[in-house]
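Below you'll find the structure, written out as structure tokens, and then a few comments.
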């Protein structure tokens, strides 16, 4: 018997394991279906490029996207300790202050406004550059600036300014808009995943047990209360029931958490019956409200060796490895997407609705074309999609892949804003400041100009930004899955704590917000007083 069972060692699960086990009277069991984060690519910043190709992931894909010519998207989801924080591009962005204020004011989530959640962002953070109203420097999570930026990054900043987009030294500070360097979840030129930051320092705690390669097949519910989980140790192992004295906490991500709930008979009853699962608790919102960022990109050929493409050659790969081992610099120390920005597709938007990521090469991610000569990539993503999708079960078999349907572009507004973001990216790449570095646009290519042509291009080439949220959303209505304290509605002793509880996707990458949810969730579970709301010393927040 243990006090708390946490299902999923992703960003939020690692945070919970650390915070709940701080009190030595609490016994904590953390279960992870994937393996340990032993692979060297995980800890080298540039190893991200290998991760999108399937290392330490489930190998899932979406269902055909009916609004995008039935395209099936490769959908990388982590299967490793640290979850997405072990395989992502390490970009540390939190979203806009208005995102969280909308959670509070428009979704009715008291205690989740920006001034309430900022202290939890700060508690997590060990920032190597900032210690101010917006940043902390005493937390577990290493956050730092890029180590080895290239001159093309500075030219990109100037190009943005030529278009009227200001330079911004801190996207997580008083204002979000502008172009600049991203801060990264790195420390000492190594990835600072949730596993490295939150688990590694406390693995000796006697009240914490971490088990990997354990598949949780269902949550065991008796008399309206979650009393434990059913597990299979490693493929082909025997089935066991592990009991929790206090709570079961599901932290398996925006795909894994609704999948596990539905496998357990918790979800929309009609769907569960249709796949052969006996309903235990009819909760229609489970697996609904899925949101994600869709990425459209420009790839250009460079005038010379201005990015990291040529480091794919054997002798340069060897040199890059030595440079990293001896100096902690160079291509291996780069996340490859460490420059970007936030701007407006909709001029009436109250805050930026487009995010850019400048990729220092071509073909960096799986399924994205690689040029023969050195290239550069500029990704653009519409940040506040109105489209809503679902996660559903394919069958009652827990080992079956889920049916993932982001439902991209089901709302035409998303398509229109995505195209405007792509046009902005093309315009940036054509600015005078980038002329010494950019020879020609290869994709979409200068011959494609009309909306119809760009829609067809996007349907053929776009990709997910790997930011799914919302499938077990917080709320107070009948479609809410959890209450604002993360308790699952209708079953005692069960909470959900990860990106799936977010009612709306933040206007940014989602790793930092998920870690924040873990930090705040730990206080809610332990019954602690929330951290005092943030007070600003005259800084503007936008």
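Residue numbers (full-length UniProt numbering): 1 to 542. All C-beta atoms, glycine included, are put in the ideal place defined by N, C-alpha and C. In this text the structure is predicted, and so the values were computed from the model without any measurement.
Asked, Found
"Any 3 or more C-beta pairs closer than 8 Å across the stretch 307 to 321 and the stretch 350 to 362", "yes"
"Residues near residue 436 by beta carbon distance below 8 Å, same chain, minus five either side", "155, 303"
"Beta-bridge pairing of residue 179 - partner residues as DSSP gives them", "167, 341"
"Opening and closing residue of the beta strand (DSSP E) in which residue 379 lies", "375 to 382"
"Assumed close pair residue 174, residue 515 - CB separation to whole angstroms, cut-off 8 Å", "Not quite, the Cβ-Cβ distance comes to about 21 Å (not below 8 Å), so this is no contact."
"Status (buried if at least 16 other CB within 10 Å, exposed otherwise) for residue 93", "buried"
"Where residue 96 sits in the DSSP three-state scheme", "coil"
"Integer Cβ distance of residue 76 from residue 401, believed to fall under 8 Å", "Residue 76 to residue 401, Cβ: 13 Å. No contact."
"Residue 38 classed as buried or exposed, judged by whether at least 16 other C-beta atoms fall within 10 angstroms", "exposed"
"Anticipated Cβ contact below 8 Å, residue 337 with residue 354, distance rounded", "Contact doesn't hold; Cβ gap of about 15 Å is too wide."
"Residue 352 versus 10, 98, 74, residue with shortest Cα-Cα distance", "98"
"Where the alpha helix (DSSP H) containing residue 122 begins and where it ends", "114 to 124"
"Test item: CB-CB of residue 277 and residue 265 under 8 Å", "yes"
"Distance between residue 475 and residue 286 (C-alpha atoms, nearest Å)", "12 Å"
"Option nearest residue 184 by Cα separation, candidates 47, 71, 335, 348", "335"
"Contiguous beta strand (DSSP E) assignments of at least 3 residues, all confined to the stretch 419 to 473", "438 to 443"
"Helix, strand or coil at residue 536 according to DSSP, with G and I counted as helix", "coil"
"Spatial distance of residue 346 from residue 413 (CA atoms)", "10 Å"
"Proximity of residue 530 and residue 108 at Cβ, strictly below 8 Å", "no"
"Residue 437 at chain C interface by Cβ criterion, 8 Å", "Of the protein chains in the structure, only one exists, and it is not chain C."
"Enclosing beta strand (DSSP E) for residue 63 [first to last residue]", "No beta strand (DSSP E) holds residue 63; DSSP gives it neither H nor E."
"Residue 523 versus 2, 20, 430, residue with shortest Cα-Cα distance", "20"
"Exposure of residue 478, with buried meaning 16 or more beta-carbon neighbours within 10 Å", "exposed"
"Rounded separation between residue 446 and residue 150 - CA only", "26 Å"
"Residue 517 beta carbon less than 8 Å from that of residue 501", "yes"
"contact_flag[the stretch 23 to 41, the stretch 204 to 224] where n(CB pairs < 8 Å) is 3 or more", "yes"
"Burial state of residue 535 (16 or more Cβ within 10 Å)", "exposed"
"Coarse secondary structure for residue 479, derived from DSSP in three states", "coil"
"Backbone secondary structure at residue 134 - three-state DSSP", "coil"
"Minimum length 3: unbroken beta strand (DSSP E) runs contained in the stretch 308 to 343", "339 to 343"
"Residue from 460, 461, 258, 451 with nearest C-alpha to residue 472", "258"
"Through-space distance from residue 229 to residue 222, alpha-carbon basis", "11 Å"
"Cα-Cα separation, residue 96 to residue 176", "7 Å"
"Residues that residue 75 bridges to, as DSSP identifies them", "60"
"Option nearest residue 386 by Cα separation, candidates 491, 378, 416, 113", "416"
"Residue(s) in a DSSP beta bridge with residue 257", "According to DSSP, which records beta bridges pairwise, residue 257 is partnered with nothing at all."
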